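Numbering (the working numbering), first residue to last: 431 to 998.
Yeah, the Cβ is synthetic: ideal placement off N, Cα and C, and Gly gets one too.
The model shown is predicted, which means the values in this text are computed figures rather than measured ones.
For reference, the structure is listed below as structure tokens.
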């Protein structure tokens, strides 16, 4: 009867009869719902069709077939993404996973483009049907379309993998999820934990670290407590450090301290990362004295701080106006051979800025200029050099030499030449280091002729063996063998003595040009003069003989090298 009323477009009568049917409790089977839903779709009453689809789902009645879905697809104008997603979600909730996939395929056929929500629903259905591989294909589709998969999407895939007992793969997805900026929630972690038959310490580490990074510290602590109760899992420094980092970042410093003490009682040795987290946490929450105490404690324990540790303390001290303390740490890095990086120099420079009321001195500027040059930040180095002069400090020969070296290393030869001219106008005479820097820079930038001109114009007392070595090396590289040999022979005439670098440079050039007799003769001479002392010279000789297929000689020099306990 209802079907006939719909066919005759008698909607009011159909509505009245449907209400009567509900009141009498006759709306119970899938066929009746199919008829009503299809009728409303034909009448373009999409909202009412969806209303009855929801009722159908709430009564746990599955569609007897998919004919009304076909009608839904053919509805004109085409339904919106939100409407389709609502239908897909409703079908998914009543576990009609196959119907969802079929409807999605038909959506594509009629040109309805899926969005992130559509594809996430599809992934869930694929995982529920045990087709996790198809779910990952859909993940690829999400990324291909320019969407960013969210935590729900990843959690669905993790659950699907756990259901198939692919735990290692689930952990990889979990790690990838955090790498992409999606922080796991409690449901994600519970899904993973419940999927594990025998969680290992590595598993706990991955999950606890992700929880801490997502700010879920309480959940991480609960999981850590569970781990401690598991007799088969022994906590290590990695998992404890992850927790300490999370606690420190969230300001729960007392709990972090207790955990650090607990590590000691359990025989777990804290490492540089553990202490760096403690130091950073206390600096972050304005507890500089405690941060410095942990720094001293780690040093007392023989745990050497790394660049990150120093950067945290230097930056914190500078921001608090403790510039002298920061500079002391800055110099300590050099003493214990800890490499400074760009962050170190930037923090130190900020601390020494004039607007903080502290004038950097020449030594400060020279060290910082050197740091910028080493980190290939030439523009910053040049600006710092200019600021030095603006602040009334005259650059020293060290300032100029440092900047000249940086400019030449980065191919800025003209700027270096201008700087040299400026230096001379300030009555600063170039020294040996200046000239060697210029010669080396010009040669490495293909300006050999200019280098020779400068070399010939140098005062005799500034001509050194290293200067000759630079020109000899460049002459060999340019294929000017006679010029190289001539320069080498000039050295004793100038009252200079070839050093190990000079000999090594010439021997290398002779080998490369297949001049074995000359190379042999020079090696003998080098030995007689006691210059064959370092590993680099031996490496050059051994490599040269091997290239020349003189294996016996190469082995002889390798034996000599080992006898002298020089590292290959």
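When C-alpha distances from residue 695 are compared across 622, 835, 667, 968, the shortest belongs to 667. Take residue 680, set aside five residues on each side of it, and the residues of its chain with a beta-carbon closer than 6 angstroms to its own are 647, in chain order. Comparing C-alpha distances from residue 721 to each of 962, 712, 727 shows the shortest one belongs to 712. Rounded to the nearest angstrom, the gap between the Cα atoms of residue 581 and residue 672 is 21 angstroms. The beta carbon of residue 555 sits closer than 7 angstroms to the beta carbons of 522, 527, 530, 531 from its chain, once the five residues preceding and following it are set aside; these are given in chain order.
At the C-beta level, residue 868 and residue 833 stay beyond 8 angstroms of one another. It is roughly 19 angstroms from the alpha-carbon of residue 949 to the alpha-carbon of residue 922. The DSSP-derived three-state label of residue 775 is helix. If you draw a straight line from the Cα of residue 821 to the Cα of residue 749, it is about 22 angstroms long. A straight line joining the alpha-carbon of residue 463 with that of residue 635 spans about 51 angstroms.
Judged by their CB atoms, residue 936 and residue 952 are nearer to each other than the 8 angstroms cut-off. Per DSSP, the unbroken alpha helix (DSSP H) holding residue 937 starts and ends at 930-942.
Restricting attention to 439, 593, 639, 518, the CA atom closest to the CA of residue 606 is found in 639. In this structure, the alpha-carbon of residue 541 lies about 35 angstroms from that of residue 457. Burial is judged here by how many other beta carbons sit within 10 angstroms of a residue's own beta carbon; residue 610 has fewer than 16 and is exposed.
In the pairwise beta carbon analysis, the region 871-881 is classified as not touching the region 849-859: fewer than three pairs are separated by under 8 angstroms. DSSP, reduced to helix, strand and coil, places residue 974 within a helical segment of the structure shown. Around the C-beta of residue 891, fewer than 16 other C-beta atoms lie within 10 Å, and the residue is accordingly described as exposed.
Between residue 603 and residue 631 a beta carbon distance of about 20 angstroms is seen, past the 8 angstroms cut, so the two are scored as non-contacting. In this structure, DSSP gives residue 454 a state outside helix and strand, which the three-state scheme calls coil. In the three-state DSSP reduction, residue 856 falls in the coil class, being neither helix nor strand. If the five residues before and after residue 997 are omitted, its C-beta is found closer than 8 angstroms to the C-beta atoms of 965, all from its own chain and listed in chain order. The beta-carbon separation of residue 709 and residue 743, rounded to 6 angstroms, stays under the 8 angstroms limit for a contact. Straight through space, the alpha carbons of residue 545 and residue 817 are spaced by roughly 54 angstroms.
Residue state for residue 607 is assigned as helix, using DSSP reduced to three classes.
Selection 807, 856, 467 evaluated against residue 482 yields 467 as nearest (Cα-Cα). DSSP places residue 734 outside both helix and strand once states are collapsed to three, so it counts as coil. Residue environment analysis places residue 931 among the buried positions, since at least 16 neighbouring C-beta atoms fall within 10 angstroms of its C-beta. Closest in alpha carbon position to residue 772, among 810, 517, 591, 859, is 810. Put simply, of 941, 944, 991 the residue whose alpha carbon is nearest the alpha carbon of residue 957 is 991. Comparing alpha carbon positions, the residue from 601, 459, 637 closest to residue 616 is 637.
Within 10 angstroms of the beta-carbon of residue 461 lie fewer than 16 other beta-carbons, which makes it exposed. Distances from the alpha-carbon of residue 894 to those of 943, 920, 578 put 920 closest. Less than 8 angstroms separates the beta-carbon of residue 901 from that of residue 885. The beta carbon of residue 715 lies closer than 6 angstroms to those of 681 in the same chain, with the five residues before and after it left out. Annotation for residue 699: 667, 693 place their beta carbon closer than 8 angstroms to its own, counting only its chain and skipping 5 residues before and after.
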